[in-house]
Structure formats: structure tokens, C-alpha cells
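Notes for the one structure printed next.
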Amino acid sequence: MKSESNLEKVLEAGKFAVTSEIGPPKSADGNVVRKKTGILKNFVDAANITDNQTAIVRLSSIAAASILLQEGIEPVAQMTVRDRNRIAIQSDILGAAALGVKNVLCLSGDHQKFGNHPSSKNVFDIDSMQLIRMLKDMRDAKKFQCGDEMDVEPRLFIGAAANPFADPFEFRVHRLAKKIDAGVDFIQTQGIYDINRFEKWLEEARSEGLTEKVYILGGVIPLKSAGAAKYIKNKVAGMIVPDSLIDRMKNAADPKQEGIKIAIETIEQLKDMKGVHGVHIMAIEWEEKVPEIVKESGLLPRPSV
Amino acid sequence: MEAKEVDKAHVAVDDFDPKIVAFCCNYCAYAAADLAGSMRLSYPPNVKVIRLPCSGKVEITYLLRALEDGADGVMVAGCLEGDCHFMEGNYRAKRKVRHAKRLLEEIGFESGRVEMFNLSSAMAGRFAEIMEEMTERIRKLGPSPLRKG
Amino acid sequence: MDEILEMLARYERILLLGCGTCVTVCLAGGEREVGILAGQLRIHARQEGKSAQVDEHTIERQCEKEWVEEIKDRVEGVDVVMSMACGVGVQLVAEMYPEKPVFPALNTTFMGYPAQHGIWFENCRGCGNCVLHLSGGVCPITRCAKSLLNGPCGGSQNGECEIDKEIECAWQVIYDRLKKTGRLEWMNNYQPPRDWSTAGSGGPRRSVKIEEVLD
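Protein chains in written order, with our numbering: chain S, 128 to 432; chain F, 267 to 415; chain U, 1084 to 1298.
Laid out in C-alpha cells, this is it:
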């Protein structure tokens, strides 16, 4: 075992894993995190804590992860390279590990242009690929990026993102392979709406033997309305939403319920795909729907391992 | 470039005789001015016509310098859009005049004292009209604040 | 413009100093732009009823001492020098005439080439550690919004960068070029963290070509 994290154990045991996501508040109110934790508890194997998602300042991901530990859900602390250089990242990782955080997701981070401080200076000292390798070296070689050694290493289950819907499409599987070479243990994908394109990507990954080397959790983002679907299609870079799905949302009597239904159908499809080891449900500011989605997808009870 | 005094025979009715400098394209406005003269059309005096090979030749510094040297108004007259002898000189002139207006606005100077017009060489009547229009506009604005200097 | 007017508010005799090299070809601070700004300054001053002397002068290069030395008399005759050169020129003029205020008329933005007349693209950050021979002649440090080294982020779509549809995704261009020339290997291999000390993170940079140094 690399980290002894619950998520790692569930995946090792060959169970279909369920993770979700908690967005910390734009304030110092830790109770928001506690409340969201209460909603997800017993319905997921671990919950991601976003790291200033869309470059909007929020309560820190490691601090929120620490609250999750107190509340009894295992956190996946997201870590972007947008705001920290390699010194800050390694320091934060040591701190997170000392607090009991066992899963970290390595991300580049949304560009600050999209956030509430567009005039800020970004860092990008290293990229997400190099972050993976750095954490792996810290864990397995007990070495800092500079080569210095440490006594007690952070035992981490290292995650990263993959986006099968971005371009150049042909490079996306190579990029996954690179992340595996760099040392990633699990992947959470971008939200899947175009299931055909996802399958095409997965098939290529399978044929390269990549799905044997890494755990892949398919991303699912429940839609709230046809407008939201259109927004994601047109305004969010690197997302594909088929028109048929938008029409389905448009014609639905209860669009919110339809969105949940689509999410459940997607999970059912993912469960049957060889090489998909779990699902990552991103219900942004809609966390209260996660238990229903997990239950209706037949993923309860969550295994205790 | 060649400047020529235009018809001094007409005497202004008002006290204020706006001094206007007109940068005219050789192929249209300048020819139209000539034609207006031959046709004995009357238009306001005190318009100094400066001939350019194309309105696109105008430089922003020409416009600013004319104002600095006491012109109450400055205009650029080029061919009708689509009819430039050099394909797109008049479009360039249009952009330069627009930019000059912006530069003047930046320093709080009335940008209405600068304008771009388009006409053809046959439009002698329109030439006289434009001169009337511009003179009237400048008369309303009054003498240039730079004039006393 | 307001910034420039504020900088110059206390001064009467101004030398507006253009530079005949880079800022001339990028239409920012050559003789023509000096003429325009000088006109604006004079008109503004006279409108306000102030007397202002704005001298216009453009030298070949403000980044070389020999050229800057030649304007000694002009500099002595004014209260302030407004340089229309890049930040390099402004600093050299200031260094050579330390008793005179020297102000920047431009916000120096980037090194780039004109994509077409009037439009420029940034393409070099002078990072001191070039990878252009590997990256298909496209600089990922400069032209990727996140300066990534291991391929495009998840926001690359239809060849566009996620931050602006008008900006090409550098990694899409790199991918296409490397593919065309059979050099994708570099992109498929892990690239380790960079040494940014050559890019300015190591403090102000200095370059010495020892064989050119005169005793």
C-alpha cells in the first residue's frame, strides 16, 4: 500500500470507487465545510476539496481537508501549481500529510483570468506533470525535488486529472501515459457528456495497457438546466456537450430531475466499461443531490475496507 | 504639397472668420475645388487647401501641427469609399482622423475641430457644401483656444 | 495620456526623446510618435494657458551609451527628459544623466513580431534557457498561458487557448509541427522542472562576453 488511504484500499480491493467534491466557502466559515461533509458521509469513499477553483479565493483546500478528517470523511486535497512554487507546494504537502491527508490531486489550475483576481501574478514554476513526479519522489525516494533527503516521507495516494474532451485528441492518451510514467496512482476525468468520445479515449488507453497501470474514475457533473448545458458547451474550454443532451434537458418537464437521471445513466454506463474503476461526481453547489445519485446508481452501501 | 489661398473675394458676415486647413486628395477633393472655382460656386473664404497625392498620405502630426499653428478647424477630404485611386488610402485616412480625434479627446481638446469628408472630383457643389458645413461647425465652436498663443 | 500629463505637470521644458530602433519599427516611440506626443503636449499646455517647451529629438538607439552621449547639450537645456524608448533606453538615459529626471512615456510590454501591420504577438520572454529546437520553434514558456512544459492543459480546444479565443494554443501548434516533422518524442517524454534562475528568478541578470570586454 502506498498510502493506506480508504480510496486506495477500495480501489485495490477491486471495488467500483465513488468520490465527490466539496467546494470550500468564500469565507472563513468552516461550518459550511462541516455541513457539506455531513451530506456526503457514508455515500462516498473520499471527497475532493477544490483548491481555489476557477481562481476564486476560497478557504484553503488543506485546511478544509483537515475539517473533513475531523468529520470522518476522507479528503482528496486538490493542489494546483498556479499559486505556489515548488517550495510552497512541498511545504504544504508535508503539512497536509502531517494532518493526516492521504490523497492529493495534482492540477495545473484554472488560469487566474477566470477568477476574482485577474490582475494577480501566477506562478507555474512547475506543471501538473512535474508535480506528480515531485510527490512520487517525496513518497518513494524520500527526496525533495532538489534531491535533498527527508526522514519521514508523506505517504500519499497521488491523483491527477485527464480530459478526454480537450485537443489535440490524439495526444490525450499520450498525456495519460506521461502522467503514469510520472507516477500517478489514480485519475479523475473531466465531466463526461460525450460518452462516445470517452469510450474512444478509454479504448486507446486500454490498448496501450494504461488502464492496468492506473485507476480511472470517470467524471460526472449533473446538469441543472438546458441553459447550464449550453453554457458548459459554449463557455467552458475543454468540454463537449452533445446537442441531443441539450435537447433532452430542454424538453424535460423537470429539468433538474432529468439532469440527475442523465448522471445516473452515465454512471450505469461507466460501471460496465472495462478500465473504469470508479466515478467522480462533481455536483457543484448541489452536493445534496449526491446521495440520491449514488443510491440510484446502485452503489450503496459503500464498502468498508 | 502645395498650398493655395482660396478665393478671398467673399467676405465673412460674422466677426469670426474660422481659419480652416483642408488636406485634399489630388484625385477628388482638390479637383473638385478647382471645378468649384471654374463653376464660380461660392464657398467660405479662409479655407487653406493643401494638396496631397492621396488622403492616405495625411499624418496625424500634420493635423496636430495645423491646430498648433492656429487653425480653428482641420479637415481631410478623400475620395468616396471604395473609389480610392490607391485602393484603400481613404480608409487609412479615416482611421488616422479617428485616432487623431481620440488623441485630442485625451487632452481635453474639442475633437470636433477635426473631420474627415469624402467626395468625388465631379462633386464641385458638394465641395462647396462641405466647406460651408465645416465653417458653420467651427463658427459654433468659436475660435481655437490655441489661437491667442 | 493622463499618466504622462501627471508625470510632467511640474515641468516646463521637456525633451521628448525618441529611439530609432525597436520602438520605431513597432510604431511606439520613433520620430513619428515623438511628433504626435509632442503635439499633444503642446496643445494641452497652451489650452491650459501654460507655457511649455517641448523639444523633439530622436536618436538611433537609446540603449547604447555612444548615442545617448551625443544629446548632452539638449538634455542640459531642459527640466525633464521624457523617453519614448523601451525600459532599457529609459534606464540608460537616466543612468547617464543622473541629475535630470527621466520618465518613461511607454509601458514596455513584450518582445514579439508583427503578425500583420498594427498587430503584434509576444513570443520570447528572454528566459535564458531556450527550448525552441525541441518545441518546433514555438516557445511554450511565452505562448502557453501557463508556461507548461509537458503538453497542453485540459483547456485546449479547437486550437484555441482557454483564456482567449484569439490566442492560439501553443501546444496545439507545437504538436502539429512536431508531428509533421516526426519529432513528437520530445513531447511524449517527461520534461523535468525548469531552472528559472536564468529567467530572472535568480536575481537581475548580467551577461559577459569575455572576449569582447575591453581593458
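For every residue, glycine included, the Cβ atom is placed at its ideal position computed from N, Cα and C.
Chain-ordered chain U contacts of residue i [CB-CB under 7 Å]
i, result
"S:M256", "N1233, Y1273"
"S:N290", "G1237"
"S:A302", "First, the residue type needs correcting, since residue 302 of chain S is Arg and not Ala in the sequence shown. Neighbours of S:R302 on chain U, chain order: G1234."
"S:I253", "P1276"
"S:G365", "G1237, G1238, S1239, Q1240, E1245"
"F:I326", "I1119"
"F:E456", "Because chain F here runs from 267 to 415, residue 456 of chain F falls outside it and cannot be looked at."
"S:Q272", "P1276"
Which listed residue (the options) has its alpha carbon closest to that of residue i
i, options, result
"S:E335", "S:P349, S:A353, S:K360, S:L303", "S:L303"
"S:K398", "S:L195, S:I348, S:K377, S:L344", "S:L344"
"S:G377", "S:K401, S:G365, S:S352, S:I389", "Note that residue 377 of chain S is Lys in the sequence shown here, rather than Gly. Answer by Cα proximity: S:S352."
"U:D1162", "U:G1234, U:I1097, U:E1294", "U:I1097"
"S:A224", "S:R213, S:D178, S:P281", "S:P281"
"F:F352", "F:G408, F:G322, F:A298, F:C290", "F:G322"
"S:A182", "S:A140, S:V171, S:S247", "S:S247"
"F:E376", "F:D281, F:L333, F:D300, F:M305", "F:L333"
"U:G1237", "U:T1225, U:P1223, U:C1252, U:R1226", "U:C1252"
"S:M277", "S:A268, S:F284, S:R213", "S:A268"
"S:Y342", "S:E392, S:P349, S:G402", "S:G402"
"S:A174", "S:P151, S:V184, S:G157, S:R185", "S:P151"
"F:A359", "F:D283, F:C290, F:P284", "F:C290"
"S:N212", "S:T316, S:Q272, S:A364", "S:Q272"
Short Cβ contact (9 Å threshold) for residue i with residue j
i, j, result
"U:I1250", "U:A1282", "no"
"S:E395", "S:G425", "yes"
"U:T1141", "U:L1175", "no"
"S:I166", "S:V417", "yes"
"S:I408", "S:T146", "yes"
"U:K1148", "U:M1179", "yes"
"F:G339", "F:I404", "yes"
"S:N230", "S:S132", "yes"
"S:R429", "S:V228", "no"
"S:K263", "S:G310", "yes"
"U:N1206", "U:C1222", "yes"
"S:A287", "S:L232", "yes"
"U:G1242", "U:V1256", "yes"
"U:A1188", "U:L1120", "yes"
"S:Q257", "U:Q1274", "yes"
"F:Y309", "F:A388", "no"
"F:L385", "F:A337", "no"
"S:V208", "S:D252", "yes"
Opening and closing residue of the alpha helix (DSSP H) in which residue i lies
i, result
"U:K1139", "The sequence given here places Glu at residue 1139 of chain U; Lys does not occur at that position. No alpha helix (DSSP H) contains U:E1139, which is instead part of the beta strand (DSSP E) from 1136-1142."
"U:P1223", "1223-1226"
"S:L167", "157-167"
"F:G391", "390-407"
"S:I387", "382-398"
"U:V1296", "Counting along the chain, U:V1296 falls outside any alpha helix (DSSP H), and DSSP gives it neither H nor E."
"F:H365", "355-372"
"S:M376", "370-378"
"U:H1127", "1114-1130"
"S:N361", "353-362"
"S:W328", "322-334"
"S:F436", "The shown model of chain S, from 128 to 432, leaves out residue 436 of chain S, and the question about it has no answer."
"U:K1148", "1148-1152"
"S:L226", "213-226"
Beta strand (DSSP E) segment containing residue i, residue limits
i, result
"S:D252", "It is not in any beta strand (DSSP E) - S:D252 carries neither H nor E in the DSSP assignment."
"U:W1279", "Premise fails: U:W1279 is in no beta strand (DSSP E) and is neither H nor E."
"F:V315", "313-318"
"S:E276", "No beta strand (DSSP E) holds S:E276; DSSP gives it neither H nor E."
"S:Y342", "342-347"
Beta-carbon neighbours of residue i, restricted to chain F and to distances below 9 Å
i, result
"U:R1096", "Simply none; closest approach about 17 Å."
"U:Q1123", "L330, L369, L370, E372, I373, F375"
"U:M1084", "L369, E372, I373"
Distance between beta carbons of residue j and residue i, contact taken as under 8 Å
i, j, result
"F:E372", "U:M1084", "4 Å"
"S:L234", "S:M206", "7 Å"
"S:I373", "S:A356", "5 Å"
"U:C1169", "U:C1105", "6 Å"
Partners in chain U for residue i, counting only beta-carbon separations shorter than 8 Å
i, result
"S:D294", "P1235, S1239, Q1240, N1241, G1242, C1252, Q1255"
"S:H244", "Here the premise fails: no neighbours, minimum Cβ distance about 14 Å."
"F:P411", "R1129, Q1130"
"S:H238", "A1228, K1229, G1238, E1245, I1246"
Interface residues of chain U facing residue i [CB-CB closer than 9 Å]
i, result
"F:L407", "Result: empty, since nearest Cβ-Cβ is about 13 Å, beyond 9 Å."
"S:A224", "Residues of chain U passing the Cβ test: none, with the nearest at roughly 21 Å."
Proximity test, residue i beta-carbon vs the ligand COA heavy atom, cut-off 8 Å
i, result
"S:A293", "The ligand COA is absent from the structure shown, which contains no ligand whatsoever."
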